[in-house]
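Here the structure comes first, spelled out in structure tokens, and everything after it is commentary.
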Amino acid sequence: MKFINGGLAGTYITTTGPAPVTPTNIFYNPTSYTTPTDYSPFFTGTGSPLNQFMLVFPGGADKNFDNTTAATFTGLKGNPIGVTLFAGPGSTANFDTPDPGIGKTITFNGYSLRGADAAKYALPVSCCAPVVSKTTADITAAVVPPPVVVPPPVVVPPPVVVPPPVVVPPPVVVPPPVVVPPPVVVPPPVVVPPPVVVAPPVVVPAATLFPRPVIQPVPPNAFPPGLLPSALALTIVPPATPPVALVVTAPPADIVQPAPVVVPPVTTIQPAVPYRAPKQDRN
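The sequence shown runs 630 to 912 under the numbering used here.
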């Protein structure tokens, strides 16, 4: 006799049979593993042992989509006390499909229960061949991460090396060679002798020899005093002064022509005409 998923509320099950009486096994899903449900009051009869088992289900097989049906259990759902899940040699567990979904069926085989209270629990098994157990788990669709964009390597530019300013040296000024002029030979000043001014010869007129006047005595009574005729007056003429030529000689100068000597004209003084007494008055 088996109750699956707790049976129906208010149901009484009576077992009868010939001796020896076989034990009655009850498998059910409890509302809580800490407070099991006692189904013995629902049975009548004598001499038939009653075994009650709480069903436990492997859990922890939720996974992300990996395109496989493989399932891995990590324990029992609801964390019942005093019992653990044991994977025997050759145990298997597989989802019905690899597709993502919620509450997907997992078929497993080769698992058993161990622990101090393992006799209070039982794994769900099918009633008919093949003997397999089933549970459920979720396959979460894989979140396709965005492609990893590998940033290009940061190219750190080399530090800009600022060359020092080019210092252009000033052009080398080569002084021209000092040309020492030859000593200036100053020729002595040309002394130009002044032109020899040849004074024209002084023409000294020949002295005119006048005969000495013959002083003839005049009778005292010839003329009254003061009434001597001018023709008879004796004029004393001084001798003529010969002309003097003045020669001016300029001091020597550098190529300076002396001024020409101006020779004054010679004044010729005519000799006085000697007074000749009238013939009647001569000797």
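The C-beta atom is built at its ideal place from N, Cα and C for all residues, glycine as well. Given the structure is predicted, the values throughout are model-derived calculations rather than measurements.
Residue environment, residue i, which counts as buried when at least 16 other CB atoms sit within 10 Å
| i | result |
| --- | --- |
| VAL814 | exposed |
| LYS580 | Any question about residue 580 goes unanswered here, given that the chain covers just 630 to 912. |
| PHE656 | buried |
| VAL785 | exposed |
| VAL685 | buried |
| PRO781 | exposed |
| LYS581 | There is no way to answer for residue 581, as the model of the chain reaches only from 630 to 912. |
| ILE735 | buried |
| ILE633 | Low confidence applies here, because ILE633 scores a pLDDT of 41, under 50, leaving its location unreliable; read the following figure in that light. By the 10 Å Cβ count, ILE633 comes out exposed. |
| PHE715 | exposed |
| PRO788 | exposed |
| ALA828 | exposed |
DSSP bridge partner residues for residue i (one or two, in chain order)
| i | result |
| --- | --- |
| ILE584 | Since the first and last residues shown for the chain are 630 and 912, residue 584 lies out of range. |
| SER669 | DSSP lists no partner for SER669. |
| LYS692 | ILE768 |
| THR736 | ASN723, LYS763 |
| ASN654 | ASN680 |
Residue i in three-state terms, based on DSSP
| i | result |
| --- | --- |
| ALA716 | strand |
| PHE686 | coil |
| GLN681 | strand |
| THR897 | coil |
| ALA700 | coil |
| ALA751 | strand |
Distance between beta carbons of residue j and residue i, contact taken as under 8 Å
| i | j | result |
| --- | --- | --- |
| THR698 | THR726 | 7 Å |
| ARG743 | THR713 | 5 Å |
| TYR740 | GLY704 | So it is not a contact: roughly 12 Å between Cβ atoms. |
| PRO687 | PHE737 | 6 Å |
Given residue i as reference, the closest of the options once Cα atoms are compared
| i | options | result |
| --- | --- | --- |
| GLY711 | ALA722, VAL778, ASN658, ASP746 | ASP746 |
| PRO824 | VAL803, VAL795, ALA888, PRO812 | ALA888 |
| ALA770 | PRO687, GLY688, PRO872, ASN696 | ASN696 |
| PHE672 | ASN658, ASN654, PRO793 | ASN654 |
| ASN658 | GLY707, ASP691, VAL807, GLY689 | GLY707 |
| PRO872 | PRO830, ARG905, GLN909 | PRO830 |
| PHE682 | ASP691, ASP667, PHE694 | ASP667 |
| ASN751 | ASN680, ASN693, PHE724, PRO775 | Per the sequence shown, residue 751 should be read as Ala rather than Asn. ALA751 has its Cα closest to that of ASN680, out of ASN680, ASN693, PHE724, PRO775. |
Proximity test, Cβ basis, 7 Å: residue i and chain B
| i | result |
| --- | --- |
| PRO804 | Note that chain B does not occur in the displayed structure, where there is just one protein chain. |
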